[in-house]
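Trainee: Every number in my numbering is 7 more than the matching position in the sequence shown, counting from 1. Built from N, CA and C at the ideal position, the CB exists for glycine as well.
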Amino acid sequence: MKTKHYLTILALIIFQSTILSQTHTWTGNGGDNNWFNDNNWDVGSVPSASSDVLIPGNFVEVDISETAAQVNSIEISGSTILNIGNDLQLRGQLYLPTGSKINWTKGIIDGGGTIENGGLIKLESHDDKELINSNIENNGVISIINSNIIRFSEGTLINNYENARIEIYSNGGIIQDDDGNTINNYGTIRKPGDGSGSLGSFYMIFDLNNAGTIHIGETQQFLFLGSDITFNNLETGVLEGFGAFDITSNFTNVGTYAPGDDLTCGTLSVYNSFNLSSETELEFLILGKNPGEYDAIDVAGFPHLEGNIIIHLYFYTEVGDEFQVITANEIMSCNFPETVTAQYQGNEYTFEIICDDTSVVLKVVDIILGVDEHNSDILFYVQPNPVKDFVNIVFRTSGGKETANEALSLNIYNSQGREVKTITNFSKQNNSFQKGNLSAGLYILQIKANNAVLATTKMVVD
Numbered sequence: 008m009k010t011k012h013y014l015t016i017l018a019l020i021i022f023q024s025t026i027l028s029q030t031h032t033w034t035g036n037g038g039d040n041n042w043f044n045d046n047n048w049d050v051g052s053v054p055s056a057s058s059d060v061l062i063p064g065n066f067v068e069v070d071i072s073e074t075a076a077q078v079n080s081i082e083i084s085g086s087t088i089l090n091i092g093n094d095l096q097l098r099g100q101l102y103l104p105t106g107s108k109i110n111w112t113k114g115i116i117d118g119g120g121t122i123e124n125g126g127l128i129k130l131e132s133h134d135d136k137e138l139i140n141s142n143i144e145n146n147g148v149i150s151i152i153n154s155n156i157i158r159f160s161e162g163t164l165i166n167n168y169e170n171a172r173i174e175i176y177s178n179g180g181i182i183q184d185d186d187g188n189t190i191n192n193y194g195t196i197r198k199p200g201d202g203s204g205s206l207g208s209f210y211m212i213f214d215l216n217n218a219g220t221i222h223i224g225e226t227q228q229f230l231f232l233g234s235d236i237t238f239n240n241l242e243t244g245v246l247e248g249f250g251a252f253d254i255t256s257n258f259t260n261v262g263t264y265a266p267g268d269d270l271t272c273g274t275l276s277v278y279n280s281f282n283l284s285s286e287t288e289l290e291f292l293i294l295g296k297n298p299g300e301y302d303a304i305d306v307a308g309f310p311h312l313e314g315n316i317i318i319h320l321y322f323y324t325e326v327g328d329e330f331q332v333i334t335a336n337e338i339m340s341c342n343f344p345e346t347v348t349a350q351y352q353g354n355e356y357t358f359e360i361i362c363d364d365t366s367v368v369l370k371v372v373d374i375i376l377g378v379d380e381h382n383s384d385i386l387f388y389v390q391p392n393p394v395k396d397f398v399n400i401v402f403r404t405s406g407g408k409e410t411a412n413e414a415l416s417l418n419i420y421n422s423q424g425r426e427v428k429t430i431t432n433f434s435k436q437n438n439s440f441q442k443g444n445l446s447a448g449l450y451i452l453q454i455k456a457n458n459a460v461l462a463t464t465k466m467v468v469d
């Protein structure tokens, strides 16, 4: 009898274990998208806190909105949309592949689980949303739209990986209810403007480690606030854009400030803390010599300046040209290098870094015209120079003989880098021309052979 009794207990334990670890597969046989409709699940019951849920890719939408849901794990396939409009307790992993989406409109996600996102997590509506003791491993996109305040608590962590994005189209913010909530950014966090010129602000009140890019759009503002908050812009981190960073948190910066973006000049505003270190880099794009044609940083504060200045030059500037790249209420100290160099079209430009009480100016003090290292014996200049009417080109090797290369061309560029004249088949017999419609100013001349630059010189037209 005892043996039979023990077998009965063992069978009961096995049966209960099977129930506890049951897999629920969505069938949609209930005729709606309701998570809480028993008929939508293959086992005829709603998932429990221990259930592992499978949602195949041939279903369009599944809704968690009627009441709170509990689950151990969720695996989504295909292009399914999971709508979360109520609380979700997730103990294990929620896997969201490329092409799938979560629409999170309301509720608390907690339970200590992890969302592995390869698709899109979209937060919208002004209803309350909170992550409690939850992780998001983001390899896709997190999009925040009209979402007001989002709360973090109990050690919530978001890792935004390389090539992943957090896109913020909303005012409001992400704030923490207690300490120890973190976003580690290796990809991109951006708040672009909407093009209308309307102002927009977003609060970032949590610990942030930036090893990627944080971009702020025109008329937009990121606010990193709180004396108990840590904001680290790491060595590979970049703060860029056309709007404003307002920083009062504990801020360390060994990364980069880069106004505008890779293709467009802009002014980046920084309020309060503009911390720099000896490792910090300030990157400035220069497309022309007029304000608005080069990058600038406007500091509302009293900075101590140090670090390195990197110039990306894309036009032929002249000795004496000046570029005001930093303005501030008052500069307390300035420990930049005395000069910095930049290259354009084979030429090397030396800029003096001039600091005064309220600004930093880059001034061109020297230009070294570039010559290909394999052709350093070439003599190339204009005679007379400045040019009044007629241009004569002298082009010889150091041995006194004109080159015999018959595939030469002479290319002439204005100070903006635009090609204004080309003489093909340039040679000893074809090396002079009238200045014609060339207006007064500085020009750069290049001798090319099959589009390879052999030598460069300057010409001034009166």
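1. Please classify residue 380: is it buried, with 16 or more other beta-carbons within 10 angstroms of its beta-carbon, or exposed?
2. Just to confirm my understanding: we take residue 43, look at its own chain, exclude 5 residues before and 5 after, and list those with CB closer than 7 Å. What are they?
3. What is the DSSP secondary structure of residue 153, reduced to helix, strand or coil?
4. Are three or more beta carbon pairs between the stretch 166-180 and the stretch 195-215 nearer than 8 Å?
5. Taking the straight line between their C-alpha atoms, what separation do you get for residue 322 and residue 447?
6. What residues in its chain sit with their C-beta under 6 Å from that of residue 192, if we drop five residues either side in the sequence?
7. Going by CA-CA distance only, name the one from 365, 364, 350 that's closest to residue 358.
8. Give the secondary structure of residue 45 by DSSP, where H, G and I count as helix, E and B as strand, and everything else as coil.
9. Rank 401, 163, 120, 40 by C-alpha distance to the C-alpha of residue 462 and give the top, closest one.
10. Quick one: what's got a C-beta closer than 7 Å to residue 153's C-beta in the same chain, skipping five residues either side?
11. Output needed for residue 94: all residues of its chain with C-beta closer than 8 Å, excluding positions within five of it in sequence on either side, in chain order.
12. Who pairs with residue 465 in a beta bridge, going by DSSP?
13. Who are the near neighbours of residue 231 in its chain, counting only those whose CB is closer than 6 Å to its CB and skipping five residues on each side?
14. Just verifying my parser: in three-state terms, what is the DSSP assignment at residue 341?
15. For residue 9 and residue 57, I'd like the C-alpha separation in whole angstroms.
16. Going residue by residue through the stretch 232-307, where are the continuous beta strand (DSSP E) segments of at least 3 residues, counting only ones entirely within it?
17. If you run the structure through DSSP and keep just helix, strand and coil, what is residue 67?
18. Helix, strand or coil: how does DSSP classify residue 409 here?
19. Between residue 328 and residue 305, what straight-line distance do the alpha-carbon atoms span, to the nearest angstrom?
20. Hey, how far is the Cα of residue 332 from the Cα of residue 455?
21. Using alpha carbons as the reference points, say which of 426, 438, 337 lies closest to residue 449.
22. In this structure, how does DSSP classify residue 5 when only helix, strand and coil are distinguished?
23. Below 8 Å on the Cβ atoms is my contact criterion, and I expect residue 367 with residue 360 to pass it. Report the Cβ-Cβ distance as a whole number of Å.
24. Comparing alpha-carbon positions, which option in 392, 337, 342, 170 lies nearest residue 125?
25. At a cut of 8 Å, does the stretch 306-313 reach the stretch 334-349 through at least three beta carbon pairs?
26. Pick from 419, 112, 295, 465: whose alpha carbon is nearest that of residue 391?
27. What residue from 225, 263, 234 has the CA that sits closest to residue 243's CA?
28. By DSSP, does residue 425 sit in helix, in strand, or in coil?
29. Span of the beta strand (DSSP E) holding residue 351?
30. If you draw a straight line from the C-alpha of residue 128 to the C-alpha of residue 290, how long is it?
Mentor: Reading it off the structure:
1. Note that residue 380 has pLDDT 39, beneath the 50 cutoff, so the model's placement of it is unreliable and no number is given.
2. These residues qualify, in order along the chain: 53, 73, 74.
3. The answer is coil: DSSP assigns residue 153 none of H, G, I, E or B.
4. For the pair of segments examined, the stretch 166-180 was found to touch the stretch 195-215: the number of CB pairs separated by less than 8 Å reaches three.
5. If you draw a straight line from the Cα of residue 322 to the Cα of residue 447, it is about 17 Å long.
6. Around residue 192, the same chain offers 167, 217, 219 as residues with beta carbons nearer than 6 Å, after the five sequence neighbours per side are excluded.
7. Of the candidates 365, 364, 350, the one whose C-alpha sits nearest the C-alpha of residue 358 is 350.
8. Looking at residue 45 - three-state DSSP - the assignment turns out to be helix.
9. Nearest of 401, 163, 120, 40 to residue 462, Cα basis: 401.
10. If we look at residue 153 and ignore the five residues flanking it on each side, its Cβ neighbours are 131, 132, 133, 177.
11. Contacts found: 75, 76, 114, 115, 116, 117.
12. DSSP lists 451 as partners of residue 465.
13. Excluding sequence positions up to five before and after residue 231, its CB lies within less than 6 Å of the CB of 211, 238, 254, 256, all in the same chain and listed in chain order.
14. In the structure shown, the three-state DSSP call for residue 341 is strand.
15. Because the pLDDT of residue 9 is 49, which lies under 50, any placement of that residue in the model is unreliable, and the number read from its coordinates should be weighed accordingly. Cα to Cα, residue 9 sits roughly 32 Å from residue 57.
16. List check, beta strand (DSSP E) in window: 237-240, 245-248, 251-254, 257-260, 263-266, 274-279, 288-293, 303-307.
17. Residue state, collapsed to three classes: coil.
18. Because residue 409 carries a pLDDT of 46, less than 50, the predicted location of this residue cannot be relied on, and the following value inherits that uncertainty. In the structure shown, residue 409 sits in coil (DSSP, three-state: anything other than H, G, I, E or B).
19. Answer to the nearest angstrom: the Cα atoms are 20 Å apart.
20. Their Cα atoms are separated by approximately 35 Å.
21. Comparing Cα positions, the closest option is 426.
22. For the chain, the structure presents residues 8 to 469; residue 5 sits outside this window and is missing.
23. Right, their Cβ atoms sit about 7 Å apart.
24. Nearest option by C-alpha distance: 170.
25. Two segments are said to touch when three or more pairs of C-beta atoms, one from each, lie closer than 8 Å; by this definition the stretch 306-313 touches the stretch 334-349.
26. Nearest to residue 391 by C-alpha distance, out of 419, 112, 295, 465, is 465.
27. Nearest of 225, 263, 234 to residue 243, Cα basis: 263.
28. Coil at residue 425, not helix or strand.
29. Note, residue 351: beta strand (DSSP E), 346-351.
30. Spanning the two alpha carbons is a distance of roughly 33 Å.
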